[in-house]
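Structure record follows, encoded as structure tokens.
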Ligand code: PMP
């Protein structure tokens, strides 16, 4: 303490290798040491504040250092900090599993804990494959994913991710997935509605399922918003169509709601907007209110029963992570779910979502903005070089980075994905703060597109 930002920054760069970062960038770009967080605000060691418009990588729901979640974690740490979840159990894990089963789409009745998002995806992929294997369907070894999908960084999750920036380098290590076109509505035809565009997007998926069902374990999708894929959005009708086709072809549906779950899209889970239930629901990020790493995979009794047999049948799911169902993380999650129960969170979010739309309504007139799109509490602005043709700026120009720097100077944490600026704030943001956010983003866009 007492050394201010600079002291910590130097110590950091001497030893720390940061995630998703070209470390050489930090020759010009400061690392920002954060001393404390309160609500939507992060504060550094020099007393500068930053509005966390991206919920610290989409994890935070009710603000930093929330008194209720703090209290729940503090009480738990006095009792039990961690215990293995094989052969043992604890109240927090049981209660959390009960509550997740109760609030998840119908039919999801069993909860398997992991300890982060990528690992939740690994669990779902392995469970799906293993289910078919236990049923004697040995030909089913492949997965269908969407173009522009993102499901995490571990090799299994990366195999079903299709963002070249994260994937291409590791391609020789990955298994080939079957890739269906994204139902993304950004490039919809003139006059076409989102629903029509997403329906059209489904045709290729229908065809792939038709041709490959006998070798496919599951289709994996990010319901409604491909978040890491530059917040590309699609219509719920796509989910209904995929659900029906998966059932028809005896293929599982994995819904990765790691980013979109817990109210981000306007409903508690995005799948609700299509009134569907997947065979696997992957959760993480907001699950603990953004406090602690935890992943959960919800699945059906039918899938669970395919693993349930005498030990010597070797059908058990022998997958584990050391911190699976950590008690502190489960308590943070339980406190988070209580906040959803006790407060009209989704109604409040509708209000905030409207405020976000209003504050950015004029952005569509900007000569370098091709689209402002929104699904609930996620709003994205697509910056382009040429508005008429939707030609993107070359990625090498790193225009989003200019916005990042400008916003930081103005006390706002925005972290554009390439040329896409987005807001995905904690649900405790105020309408005034939303207007401030929009002003700063507008300035940033002007600056980034001025040459
Ligand atoms: N799936 C989706 C949809 C995600 O957005 C992410 C993280 N951005 C992950 C999986 C991976 O989660 P984690 O970073 O906790 O491994």
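Numbering (the working numbering), first residue to last: 237 to 687.
Glycine included, every Cβ here is placed at the ideal spot set by N, Cα and C.
> Taking all protein chains shown into account, do 16 or more other C-beta atoms lie within 10 angstroms of the C-beta of residue 515, making it buried, or fewer, making it exposed?
Replying inline: With 16 or more other Cβ atoms from the protein chains shown falling within 10 Å of its own Cβ, residue 515 counts as buried.
>> As an exercise, report each continuous alpha helix (DSSP H) stretch of at least 4 residues that is fully enclosed by the region 589-650, in chain order.
In response: Listed in chain order, the complete alpha helix (DSSP H) runs (minimum 4 residues) inside the region 589-650 are 635-645.
>> Quick check on the burial criterion: 16 or more other C-beta atoms within 10 angstroms. Buried or exposed for residue 349?
In response: Burial call: buried.
> When you compare only the Cα positions, how much space is there between residue 678 and residue 631?
Replying inline: In a straight line, the C-alpha of residue 678 is about 20 Å away from that of residue 631.
> Out of curiosity, what's the CA-to-CA distance linking residue 557 and residue 388?
Replying inline: When rounded, the distance between both Cα atoms is 16 Å.
> Rounded to a whole number of angstroms, what is the C-alpha to C-alpha distance between residue 651 and residue 480?
Replying inline: Distance between the alpha carbons of residue 651 and residue 480: 37 Å.
> Which residues share a DSSP beta bridge with residue 452?
Replying inline: For residue 452, which the question treats as bridged, DSSP gives the partners 378.
> Any heavy atom of ligand 1 within a distance shorter than 6 Å of the CB on residue 288?
Replying inline: Checking the Cβ of residue 288 against ligand 1 gives no.
> The beta strand (DSSP E) spanning residue 535 covers which residue range?
Replying inline: Under the DSSP assignment, residue 535 falls in the beta strand (DSSP E) whose first and last residues are 531-536.
>> Judging by CA-CA distance, which residue of 241, 288, 285, 292 is the nearest neighbour of residue 267?
In response: Of 241, 288, 285, 292, the residue nearest in Cα terms is 241.
> Using the C-alpha atoms, what's the distance from residue 360 back to residue 604?
Replying inline: For residue 604 and residue 360, the distance between alpha carbons rounds to 40 Å.
> Do you know how far the Cα of residue 380 is from the Cα of residue 366?
Replying inline: Near 16 Å, if we compare the C-alpha coordinates of residue 380 and residue 366.
> Would you call residue 324 buried or exposed, if buried means 16 or more other Cβ atoms sit within 10 Å of its Cβ?
Replying inline: The Cβ neighbour count for residue 324, taken over all protein chains shown within 10 Å, is under 16; the residue is labelled exposed.
> Is it true that the CB of residue 385 sits closer than 7 Å to the CB of residue 395?
Replying inline: No, these two residues do not count as a Cβ contact at 7 Å.
> From residue 676 to residue 636, what distance separates their C-alpha atoms?
Replying inline: When rounded, the separation of the alpha-carbon atoms in residue 676 and residue 636 is 13 Å.
>> Suppose you measure from the CA of residue 573 to the CA of residue 658; what does that come to, to the nearest Å?
In response: Looking at the backbone, the Cα of residue 573 and that of residue 658 are separated by about 26 Å.
>> Could you tell me the alpha carbon to alpha carbon distance between residue 646 and residue 294, rounded to whole angstroms?
In response: Rounded to whole angstroms, residue 646 to residue 294 spans 21 Å at the Cα level.
>> If you measure between the beta carbons of residue 357 and residue 345, is that distance less than 7 Å?
In response: Contact flag unset, no.
>> Looking at the secondary structure, which residues open and close the beta strand (DSSP E) in which residue 272 lies?
In response: 270-274 is the span of the beta strand (DSSP E), which, as asked, contains residue 272.
> In terms of residues, what are the limits of the beta strand (DSSP E) holding residue 547?
Replying inline: Boundaries for residue 547: no beta strand (DSSP E) harbours it, and the DSSP string shows neither H nor E there.
> How many angstroms separate the CA atom of residue 237 from the CA atom of residue 263?
Replying inline: Below a pLDDT of 50, predicted positions are generally treated as unreliable, and residue 237, at 46, falls in that range; the measurement from the model is reported next regardless. Taking the straight line from one Cα to the other gives about 24 Å.
>> To the nearest angstrom, how far is the alpha carbon of residue 644 from that of residue 288?
In response: Per the coordinates, the alpha-carbon of residue 644 lies some 10 Å from the alpha-carbon of residue 288.
>> Across the region 490-507 and the region 270-280, are there enough close Cβ pairs to call them in contact, namely three or more that are closer than 8 Å?
In response: Here the region 490-507 makes no contact with the region 270-280; the two share fewer than three CB pairs at distances below 8 Å.
>> Measuring straight from C-alpha to C-alpha, what distance separates residue 248 and residue 653?
In response: Roughly 25 Å between the two C-alpha positions.
>> Please report the distance separating the alpha-carbon of residue 414 from that of residue 508.
In response: About 26 Å.
> Comparing the CB of residue 515 with every heavy atom of ligand 1, is any distance shorter than 6 Å?
Replying inline: Taking the Cβ of residue 515 as the reference point, every heavy atom of ligand 1 lies at 6 Å or farther away.
> Start and end of the beta strand (DSSP E) containing residue 672?
Replying inline: That residue, residue 672, is in no beta strand (DSSP E); its alpha helix (DSSP H) goes 667-684.
> Since residue 414 sits in a beta bridge, which residues does DSSP pair it with?
Replying inline: According to DSSP, residue 414 bridges with 380.
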